[in-house]
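Novice: Per full-length UniProt numbering, the sequence shown starts with residue 1, numbered consecutively.
No residue lacks a Cβ here, since even glycine has one placed at the ideal position from N, Cα and C.
Have a look at this one before I ask anything.
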Amino acid sequence: MTAPEPTEIRLRRAERVLEITFADGARFELSAEYLRVESPSAEVQGHSPSERQLVAGKKAVGISRLEPNGNYAVRITFDDGHSTGIYSWDYLHRLGREQDQRWPAYLKALDAAGLSRDPG
1 MTAPEPTEIR
11 LRRAERVLEI
21 TFADGARFEL
31 SAEYLRVESP
41 SAEVQGHSPS
51 ERQLVAGKKA
61 VGISRLEPNG
71 NYAVRITFDD
81 GHSTGIYSWD
91 YLHRLGREQD
101 QRWPAYLKAL
111 DAAGLSRDPG
């Protein structure tokens, strides 16, 4: 199933949140930290599930730039310099739908690895 296209994308820099509304009526508030640690880039996802990287220390990360990528995606540049992830509408919709499962799993993985959300 292909996700609907967004009807509105709003970057709330002060809150470090990307607010996105889709044509199907779904509306998500995705934190910059969540988007950064779930980046679709090969740097984070690897080329197979076994290569996936656990990204720590991004609690204070912000979004410095959004660039349209054709009619199907947006490139997000984060203020830590990461800019290689191209977030398709489908992926953003999935991140919104699955946030309640993905975020606790991420926190659990950080804890198990002895890592922190805090920078440094």
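1) From F28 to A42, what does the alpha carbon distance come to, in whole angstroms?
2) Please report the Cβ distance between I20 and L115, rounded to the nearest whole angstrom; I am assuming they are in contact, meaning their Cβ atoms lie under 8 Å.
3) Taking the C-alpha atoms as reference points, what is the distance between I63 and D80?
4) Ordered along the chain, which non-local residues of its own chain (more than five positions away) have a Cβ less than 7 Å from that of W89?
5) Count the other CB atoms, across all protein chains shown, that sit within 10 Å of the CB of R36; report buried if there are 16 or more and exposed otherwise.
Specialist: In short:
1) 24 Å
2) No, I20 and L115 are not in contact; Cβ-Cβ is about 28 Å, not under 8 Å.
3) 9 Å
4) A3, E5, P6, Y72, A73
5) buried
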